[in-house]
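Working notes, structure below.
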Amino acid sequence: MKTNIITLIAVATLGLTTTSKTFAKTADSNYVTVLNNATKINSIEANGNVEVYIVSGAKDGVKVFDSYYNQNALVQNENGVLRVTSYKKEKLVIEVTVTDLRSITATGNAVVKADGRLSTIELNVDLSDNALAQLKVDALSAKFNVNDRAKADISGTIEDYELNYSRSSSVNRTDLAATNRAEKITTPLSQPAKPAIADVTNIASL
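Have a look at this one:
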């Protein structure tokens, strides 16, 4: 089992490169921390106050755009799963380059965005809490689960598209082209309370 973790304690063991750079997506970010030995990333799990930009590329990689060493955050790459977690007031911004991404999970206030078109064979996306995903996807198959007050903005071209969503969530798929569609609301309509019915037998006996 190979695990790469960026923390305040374990930074020196990861083969990190830190450079000074201005990132267009975060105006006040001047530092880039690169995880040089990131292994193949098939799944991304974003939790808390994080913002993850996903890029389809020729080689998997991770960049952290922030004065990262002052952050109470975790970036962990283990067995193909990249976990990004931060609960600081300021968003932790990550750029992830992927070659074969298969799943995305976002919880808390996490934001996940595709930087350009995200090309993949099969993709599963799970959003909950107040998570937001803005994804332009080209895929043979893609399934989206959007729960709680999560929001999803889905566009692109998908052969087999499936969406399961709660009534409290928000999903925009206006610019999505899908050959086969399947959508399901996972929460039932609220049922009005039934009026109380008097017990005729007991009343008559009074």
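Reading the sequence shown from the start, the letters are residues -24 to -1, 1 to 182 in mature numbering (1 follows the signal peptide of the UniProt record, and there is no 0).
Ideal placement from N, C-alpha and C gives every residue a C-beta, glycine not left out.
Would you mind giving the Cβ-Cβ distance between I70 and V38, rounded to the nearest angstrom? I have them listed as a contact below 8 angstroms. 7 angstroms
Segment contact flag, the stretch 51 to 68 with the stretch 113 to 131, C-beta cutoff 8 angstroms, min 3 pairs: no
Decide if L139 is buried, meaning its Cβ has at least 16 other Cβ atoms within 10 Å, or exposed. buried
In this structure, how does DSSP classify E66 when only helix, strand and coil are distinguished? coil
What residues in its chain sit with their C-beta under 6 angstroms from that of G33, if we drop five residues either side in the sequence? T73
Looking at C-beta atoms only, is the number of pairs between the stretch 80 to 93 and the stretch 103 to 112 that lie closer than 8 angstroms three or more? yes
For I30, count neighbouring Cβ atoms within 10 angstroms of its own Cβ and tell me buried if that reaches 16, exposed if not. buried
Taking its Cβ as the centre, do 16 or more other Cβ atoms sit within 10 Å of A14, making it buried, or is it exposed? buried
Grab me the residues of V122's own chain with a C-beta within less than 6 angstroms of its C-beta, minus the 5 sequence neighbours each way, in chain order. L103, A128, Y141, S145 and V147
Of the choices T162, A154, S131 and Y63, whose alpha-carbon is the least far from that of K89? S131
Does the distance from the CB of residue 183 to the CB of L11 come in under 8 angstroms? Given a span of -24 to 182 for the chain in the structure shown, any question on residue 183 remains unanswerable.
From what residue to what residue does the beta strand (DSSP E) around K16 run? Careful: K16 lies outside any beta strand (DSSP E) and carries neither H nor E.
Please name the residue or residues paired with I30 in a DSSP beta bridge. V72 and A90
Pair within 8 angstroms by beta-carbon distance, V113 and L99: yes
According to the neighbour-count rule (16 or more other Cβ atoms, all chains shown, within 10 Å of its Cβ), is G92 buried or exposed? exposed
Can you have a look at I97 and say buried or exposed, based on whether 16 or more other CB atoms are within 10 angstroms of its CB? exposed
Quick test of your reading: N25 and L68, contact by CB under 8 angstroms. State the CB separation rounded to the nearest angstrom. 7 angstroms
Output the distance between the C-alpha atoms of V51 and I17, rounded to the nearest integer angstrom. 13 angstroms
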